[in-house]
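When the count follows my numbering, it moves up by one through the sequence shown with no breaks and lands on 437 for the last residue.
Have a look at the structure below, then the notes.
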Amino acid sequence: MSPTRLAALTVLAMLAFAGNSLLCRAALQHTPIDAATFTTVRLVAGAVALWLLVALRRKQAWRAGNWLSAVALFVYAAGFSYAYLSLPAATGALLLFGAVQATMIGHAWLKGERLAPAQLGGMGLAFGGLAGLLMPGMSAPPMAGAALMLAAGAAWGIYSLRGRGGGNPIEITAGNFLRAAPMALLLSAVAWEHAAWSSAGLGYAAASGALASGMGYALWYTALPGLRATQAATVQLSVPVLAAFGAVLLLDEAATLRLVLASVAILGGIALVIWNKRKP
């Protein structure tokens, strides 16, 4: 894959990831749709859109993908939706991708990679920033929402790591969505008592599923084989910034000083971890 194509795919995927935060936050805060219904419509819309793409190629989507990746996708999507009931878009994206980095760096550690002194300092800075963001007090995010988003981030980190194995990205993503959709339907059945929706909320969920999720994840899975794990982790650090910028412009959300300082600490610390040379 040419560097230009790889860069273009990666940029589009990051924009899609930021778009997911904005669409979910807009739906859950500005329409009556509930988190379970949003998650279900999102995953079903993504599954349908991707199935159509695969069917046009005369392939069988169900044969691609796997159940472990589908479970990770569902846990991410459900945690993501429920977390955004209480979190601003920028704070949610920051927590999400902070957890993604911790998961991917932890995986590298388990695989035998060790951290240089500067990387250890960066990890301390990042976790200090996260602790500062979550500390009780003015403008701290709700703990339940933060915990759900951190769990979603860990699940997304697993999903990303599993996507580096190659294969047809559209077929793999379609297979994962087709497996995750029934899990979301079960969630909606369990939460039926609290079900609510509107045309706007359903539209946001469908756009999140078919475009920002389905197509965005296919683009990401296309780019992943061309990226080292550290590069894949690094580029995702742009998403909280994109989400914060979009939230200020589109959702009238304010960037608090606490969020700005935590962002600098977390993203700067993780950058130190990723960009410094690891010990052999």
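We put the CB at the ideal spot given by N, CA and C, even for glycine.
Three or more pairs of CB atoms, one per stretch, sit closer than 8 Å, so the segment 359-376 contacts the segment 160-180. At a Cβ-Cβ threshold of 8 Å, residue 261 and residue 318 count as neighbours. Taking a C-beta distance under 8 Å as the contact criterion, residue 336 and residue 222 qualify as a contact pair.
Of the residues 199, 161 and 345, the one whose Cα lies closest to the Cα of residue 372 is 199. Per DSSP, the unbroken alpha helix (DSSP H) holding residue 177 starts and ends at 160-187.
For residue 360, the enclosing alpha helix (DSSP H) starts and ends at 356-364. The C-alpha of residue 264 lies about 35 Å from the C-alpha of residue 346. Burial is judged here by how many other beta carbons sit within 10 angstroms of a residue's own beta carbon; residue 232 has at least 16 and is buried. For residue 214, the secondary structure class from DSSP, reduced to helix, strand or coil, is coil. Relative to residue 207, the option among 414, 374 and 285 whose CA is nearest is 374. The continuous alpha helix (DSSP H) containing residue 239 extends over residues 224-240. As summarised for the segment 282-357, there are no continuous beta strand (DSSP E) elements at least 3 residues long confined to that stretch. In the same chain as residue 312, and ignoring 5 residues on each side of it, the C-beta atoms closer than 6 Å to its own belong to 229, 232 and 233, in chain order. Boundaries cannot be given for residue 383, as no alpha helix (DSSP H) includes it and DSSP labels it neither H nor E.
No Cβ-Cβ contact shorter than 8 Å links residue 171 with residue 420.
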